[in-house]
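For the record, the sequence lines run as chains W and Z. Going letter by letter, the first sequence gives residues 1 to 190 in this note's numbering. Going letter by letter, the second sequence gives residues 1 to 225 in this note's numbering.
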Amino acid sequence: MIDAACKTPLTDAQLLEYWLDGVAADAEDVLEEHVFACDRCARRLEEIVGLADAVRQIVRSGGTVAVLTRAFVERLRQDGVRVREYRVEPGEGVNCTITPEDDLVVSRLRAPLEGVARLDVVVHDPGERGPVRLQDVPFDPGAAEIFVAPLAASLRRLGTVVQRMELIAVDDSRERQLGVYTFNHTPYAR
Amino acid sequence: MACEGSVTSAAVVTLPGKRGISYAPEVASPSPQLAALGSLDDAVLVRRIIAAAPAVDGQAEAELCRRFGPRVRLYGLKHLRDPAAAADLVQDVLMLTLQRLRAGRVREPERIVSFMLGTCRQMVIDLRRGQNRRQRLLETFAGDVPISEFAPAPPLDAERLRPCLERLTERERTVVLMSFYDGRSAAEVARELQLSTANVRVIRHRSLRRLRGCLDGGDSTEDSS
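The following block contains the structure:
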């Protein structure tokens, strides 16, 4: 009866560190021995592994709105994910679509991000909901751009519409617009 | 090799052929006999298998496989990062363990966990050295152990997870995606997002709690860290 042996179950933090972080060899041995002897912790680790599988599936199909990094988008491409990318400068627009072959569409929004403490993205989507504000998105200030991946399924449902995204820097409760980006979307016609 | 007592009607791996290893990651409704076996201490279970030799205690062997199969698989996924290789490892480790038990070559049944973990480690080392231990095993027991078709544990439904991901904050969602998509460490994610490693660990941990809460039908917005 293995579960009874689990008097000190591993924490989620320990399981995550074991699975993702590559802990030191000694620590890894200890964690591994515990997981191997403990049904309860092994099941919790299995949940984490299952979560990772589902996340991969969602990412690869553009199944969630997300703010990503350039390196991550490159890894997706290397994994065979078909990424359509639109690079837009502040104040500019681009004609865009999503084809049946695309897994993911990424809007690459250029902006001066040096010194920005907090960054929000406002998506003005006349087709569906009203403006949606993505608050406090992660970004690399030195990168001068962020990558926004909209929900692929929503893009596929769109007709001919003009969408806008807005980058807003929030500093000490003051807001400063960094750029507006226009996406002239048309449905894909073969 | 007969670790073939089916303990559930679903998610059972049964090796094709006259003999094989069955492994059920999730036990839906075990028979009363297997439920009783499930309550046995590891060492008691192992002694039953040893005592039965040269006959085969199929139910005890099935319970051993059910109990340790998922853990061997986790070990394989962690160190080989390949589901197919992990599935092969499960079969090889279970096969070798049962072979040793039946031959009376496991002298300390109470140390079965160490024995099996050590076997996992050695087999993974062999794989990394390019030594095909699997091939040697299959040659040794040719005809006795067919190649396994391995069914992983029932997956988490991505459609169930999706709304839960959407309820995370942007920062949490990005960290979750970047961490789990291809197994990035907190340090790697931190470097890409220009955050501290400690901060990524906190976000990752909090996100996991919130996702669990949401998947369990609770309030995903609760911060239970």
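Even glycine gets a Cβ: it sits at the ideal position worked out from N, Cα and C. Just so you know, these numbers come straight off a predicted model, no measurement behind them.
Any idea if residue i is buried or exposed, counting beta-carbon neighbours within 10 angstroms, 16 or more meaning buried?
i                : result
SER185 (chain Z) : buried
LYS7 (chain W)   : exposed
GLY217 (chain Z) : exposed
ALA153 (chain W) : exposed
ARG133 (chain W) : exposed
PRO150 (chain W) : buried
GLU74 (chain W)  : exposed
THR97 (chain Z)  : buried
So, at 6 Å on beta carbons, what are the nonlocal neighbours of residue i in its own chain, with the 5 sequence-adjacent residues on each side left out?
i                : result
GLU92 (chain W)  : none
ASP171 (chain W) : ALA117
THR97 (chain W)  : THR186, TYR188
ASN95 (chain W)  : ASN184
ARG100 (chain Z) : VAL106
ARG84 (chain W)  : ASP102, VAL105
Under DSSP, the alpha helix (DSSP H) around residue i begins and ends at which residues?
i                : result
GLU32 (chain W)  : 25-37
LEU235 (chain W) : Within the shown structure, residues of chain W are numbered from 1 to 190, placing residue 235 (chain W) beyond reach of any answer.
GLN122 (chain Z) : 112-128
GLY69 (chain Z)  : 58-80
GLY213 (chain Z) : 197-215
PRO100 (chain W) : Looking at the DSSP string, PRO100 (chain W) is not in any alpha helix (DSSP H), and its letter there is neither H nor E.
CYS164 (chain Z) : 158-166
GLN14 (chain W)  : 12-16
PRO83 (chain Z)  : 83-102
SER179 (chain Z) : 170-181
VAL137 (chain W) : Segment: none, VAL137 (chain W) is in no alpha helix (DSSP H) and carries neither H nor E.
ARG191 (chain Z) : 186-193
LEU232 (chain Z) : This structure cannot settle anything about residue 232 (chain Z), because the visible part of chain Z is limited to 1 through 225.
Would the C-beta of residue i count as close to the ligand MG, meaning under 7 Å from any of its heavy atoms?
i                : result
ALA169 (chain W) : Among the ligands in the structure shown, none appear at all, so the ligand MG cannot be discussed.
Going by C-alpha distance, which of the options is nearest residue i?
i                : options                                : result
GLU170 (chain Z) : W:VAL162, W:LEU16, W:TYR188, W:ASP136  : W:ASP136
LEU20 (chain W)  : Z:THR97, Z:ARG204, Z:GLN99             : Z:ARG204
LEU37 (chain Z)  : Z:ILE49, Z:ALA60, Z:ARG47              : Z:ALA60
LEU109 (chain W) : W:PRO131, W:THR69, W:ALA37             : W:THR69
LEU177 (chain Z) : W:ILE58, W:GLY22, W:PHE36, W:LEU10     : W:ILE58
THR186 (chain W) : W:ARG77, W:LEU155, W:LEU119            : W:LEU155
SER39 (chain Z)  : Z:ARG67, Z:LEU195, Z:ILE49, Z:ARG209   : Z:ARG67
GLY115 (chain W) : W:THR99, W:GLY142, W:ARG43, W:ILE98    : W:GLY142
ARG71 (chain Z)  : Z:ARG47, Z:GLU108, Z:GLY118, Z:ILE49   : Z:GLY118
ALA198 (chain Z) : Z:CYS214, Z:VAL175, Z:GLU108, Z:ARG160 : Z:VAL175
PHE158 (chain Z) : Z:VAL44, Z:GLN99, Z:LEU211, Z:ALA52    : Correcting the residue type first, residue 158 (chain Z) is Ala in the shown sequence and not Phe. Among Z:VAL44, Z:GLN99, Z:LEU211, Z:ALA52, the Cα nearest to that of ALA158 (chain Z) is on Z:LEU211.
LEU94 (chain Z)  : Z:ALA187, Z:LEU168, Z:CYS120           : Z:CYS120
GLU17 (chain W)  : Z:LEU161, Z:ARG191, Z:LYS78, Z:ARG48   : Z:LYS78
PRO109 (chain Z) : Z:VAL46, Z:LEU168, Z:GLU63, Z:ALA53    : Z:VAL46
ALA71 (chain W)  : Z:ALA87, Z:TYR181, Z:LEU215            : Z:TYR181
ILE50 (chain Z)  : Z:LEU74, Z:ARG129, Z:GLY104            : Z:GLY104
Which residue comes first and which comes last in the beta strand (DSSP E) that contains residue i?
i                : result
TYR86 (chain W)  : 83-88
VAL121 (chain W) : 118-124
DSSP beta-bridge partners for residue i?
i                : result
GLN177 (chain W) : W:ILE168
PHE183 (chain W) : W:VAL94, W:GLN163
SER107 (chain W) : W:TYR86, W:VAL148
ALA153 (chain W) : Beta-bridge pairing links ALA153 (chain W) to no other residue.
ALA66 (chain W)  : W:ALA149
Please work out which residues of its chain come closer than 8 Å, Cβ to Cβ, to residue i, disregarding the five sequence neighbours upstream and downstream, and give them in chain order.
i                : result
ARG81 (chain Z)  : GLY183
LEU193 (chain Z) : THR174, VAL175, MET178, VAL200
GLU101 (chain W) : ARG82
PHE193 (chain W) : Outside the shown range of chain W, which is 1 to 190, sits residue 193 (chain W), and nothing can be said about it.
CYS164 (chain Z) : ARG210, LEU211, CYS214, LEU215, SER220
So, at 7 Å on beta carbons, what are the nonlocal neighbours of residue i in its own chain, with the 5 sequence-adjacent residues on each side left out?
i                : result
MET123 (chain Z) : LEU89, ASP92, VAL93, ARG133
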